[in-house]
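I have placed the structure first, in the form of structure tokens, so that the comments after it can refer back to it.
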Amino acid sequence: MLALTRRIGEEIVIGDPASPLGVIRVVDIHGDKVRLSFDFPRDMPVNRRELAEQKVKQAREGTAKPDGGG
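For any residue, its number in the numbering used here is found by taking its place in the sequence shown, counting from 1, and adding 1098.
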């Protein structure tokens, strides 16, 4: 895991700096909350962790029980 410290307005470039996959920018910090903006191509999925886990769980349930059984 990589942990970075950034201030408001600073960015993190994902991928090749000459042709990045995307950029994450710190927009605001208020108390214990940080607001981020993500600039990625529209065809690149970007999900919150809890939503990503929910999608994986639903996909597994859909493929694990095609006939309604165990």
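Every residue, glycine too, gets a C-beta built ideally from N, C-alpha and C.
Beta-bridge partners of residue i, as assigned by DSSP
i, result
"V1121", "V1111, D1137"
"I1106", "Paired residues: none, contrary to the question."
Cβ neighbours of residue i in the same chain (closer than 6 Å, five flanking residues each side left out)
i, result
"V1121", "E1109, V1111, D1137"
Residue i, DSSP secondary structure in three states
i, result
"V1132", "strand"
Own chain partners of residue i with C-beta closer than 7 Å, once the 5 adjacent residues on each side are dropped
i, result
"G1167", "Note that G1167 has pLDDT 49, beneath the 50 cutoff, so the model's placement of it is unreliable and the number below is only indicative. There are no such residues."
"I1127", "I1106"
Other residues of its chain near residue i: CB distance less than 8 Å, five sequence neighbours each side excluded
i, result
"L1134", "I1122, R1123, V1124, V1125"
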